[in-house]
DNA sequence: CGTATGGTTGACGATAATCAAACGTCGTGG
DNA sequence: CCACGACGTTTGATTATCGTCAACCATACG
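Chains as they are written, first to last, in the working numbering: chain A, 1 to 233; chain B, 234 to 466.
Quick look at the structure:
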């Protein structure tokens, strides 16, 4: 009944909520151990790599990918500047996913066991909260994958991206997609052709304007209304 | 290419992996603050409830549920004895989901800020690992929801449940489902009719035997082989 | 005994997957 | 500079899977 219960202050719509994790990645760690540049297409880490620290995106954008039992690849998320990467590595102290830069990017390495356990620092205190958010987000993505149609999924994706860009000071109405249709499809559980068709459909209906990777959100209200459907129960 | 990279030692198949979290919930906390009994159908906590501690199942079984933007409910997981509940509440110090007992159950309350921050105790040191696992599990569920068909989803579900029961000393080949077809469907992103049909189909093929909620896994190898499909790429 | 809840099965239709072709863009090398 | 090839995108035609609607059964419970 109470749909609001699940939405945080910046998240009134029905999509996986991912606001800026760390306002300024540099501030988060007491000691920024190091930085690293990653070129477009390169992997920041891979499945099985030891995970002794984790990473915050300073600039650029990443996708995280896991490999299914049949060898098929699946995109589990997209990370913008300020987002934290590699939290799933906490389970085994080995990364469970692969992170690939979608453009030339820079990351900050945040040591997990930094200054010892006595003072976990800002970061240590933040950690449960960060992971909690990640968990909530994945849960919402589960909901999306389990119960939404193609249009709702794509609308959700665009609104989510829009909000995250807005938080970072970019235009929420007009932006450039850094990922391919195949990446979006993998993330949303759709084939790339379906993603393309759904883009076209939303454009015909006047809700957005698309030209390959350039997107304009024309009717945000209508996009939000796509989640008001009558409950099937 | 390397599908093994994602599977832990007790998890060779392609399903969301959820082994026993805490061998003995009583041991985990330095001080078990309290216990609580919950009757079948009752909620242990609800969305928005303050989340100051979290909970481990001592006996029985739970389902966790979130509510979508359209008011539609979605099952996010099932928790057996030893599993931890309420980790998604760490994000906001308020629960993001609702936990409902599928049978008369008992839980242990584990204080988050127990004996102060100086010594977080076993539990404190375990926490990142626990949440990490949860994250990995949700990620695998995402993969399932995004890329598997009905038969694979149900097979995955049954194999997962089987392994978790085995770890707890029950028969991995024959068990009783505590949740309804609707619950399974919600969890797997299928309609309850499809769940029912898929059960029947697996039975016709000789892979399982089902009678309402009683399940026998007849051909585990064949169930596992369902994930060897040729990658579509 | 009757009602309610949950499960099975059938018929049908809709949505998205698949297969296929054509087009645009970008980067490289002739 | 232009030509070529690789890659990504769009669109069409067709198919398959799953969702929807509906009827019917089984079991549990008051």
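Note that beta-carbon positions come from the ideal geometry of N, C-alpha and C, so glycine has one too. In this text, all values refer to a predicted model and were calculated from it rather than measured experimentally.
Along the chain, where does the alpha helix (DSSP H) that runs through residue i open and close?
{"i": "residue 221 of chain A", "result": "220 to 225"}
{"i": "residue 166 of chain A", "result": "150 to 167"}
So which residues of chain B does residue i contact, with C-beta pairs closer than 8 angstroms?
{"i": "residue 97 of chain A", "result": "372"}
Residue i by DSSP, collapsed to three states: which one?
{"i": "residue 367 of chain B", "result": "helix"}
{"i": "residue 128 of chain A", "result": "helix"}
{"i": "residue 238 of chain B", "result": "For residue 238 of chain B, the pLDDT reaches just 32, beneath the cut-off of 50, and the residue's location in the model is therefore unreliable, although a value from the coordinates is still provided. In this structure, residue 238 of chain B counts as helix in the three-state DSSP scheme."}
Would you say residue i lies against chain A (beta-carbon separation less than 8 angstroms)?
{"i": "residue 322 of chain B", "result": "yes"}
{"i": "residue 207 of chain B", "result": "It is not possible to answer for residue 207 of chain B, since the shown part of chain B is limited to 234 through 466."}
{"i": "residue 368 of chain B", "result": "yes"}
{"i": "residue 422 of chain B", "result": "yes"}
Check the Cβ of residue i against every Cβ in chain A and list those closer than 8 angstroms, keeping chain order.
{"i": "residue 460 of chain B", "result": "68, 69, 70"}
{"i": "residue 360 of chain B", "result": "128"}
{"i": "residue 333 of chain B", "result": "Chain A residues near residue 333 of chain B: none, gap ~15 angstroms exceeds 8 angstroms."}
Determine whether the Cβ of residue i lies closer than 8 angstroms to any Cβ atom of chain B.
{"i": "residue 160 of chain A", "result": "no"}
{"i": "residue 76 of chain A", "result": "yes"}
{"i": "residue 110 of chain A", "result": "no"}
{"i": "residue 115 of chain A", "result": "Because the pLDDT at residue 115 of chain A is just 40, under 50, the model does not fix this residue reliably, and the value given afterwards should be weighed accordingly. Judged by the 8 angstroms Cβ criterion, residue 115 of chain A is not in contact with chain B."}
{"i": "residue 132 of chain A", "result": "yes"}
{"i": "residue 50 of chain A", "result": "no"}
Going along chain A in order, which residues have a C-beta closer than 9 angstroms to the C-beta of residue i?
{"i": "residue 427 of chain B", "result": "Neighbours of residue 427 of chain B on chain A: none; closest Cβ ~12 angstroms, over 9 angstroms."}
{"i": "residue 419 of chain B", "result": "146, 147"}
For this session: Would you mind listing the alpha helix (DSSP H) stretches within the region 394 to 453 of chain B that are 4+ residues and don't spill past its ends, in chain order?
Result: 414 to 421, 425 to 437
Exercise. Can you list, in chain order, the stretches of the beta strand (DSSP E) that have 3 or more residues and sit fully within the region 33 to 119 of chain A?
Worked result: 34 to 38, 43 to 45, 53 to 59, 62 to 67, 73 to 79, 98 to 101, 105 to 111
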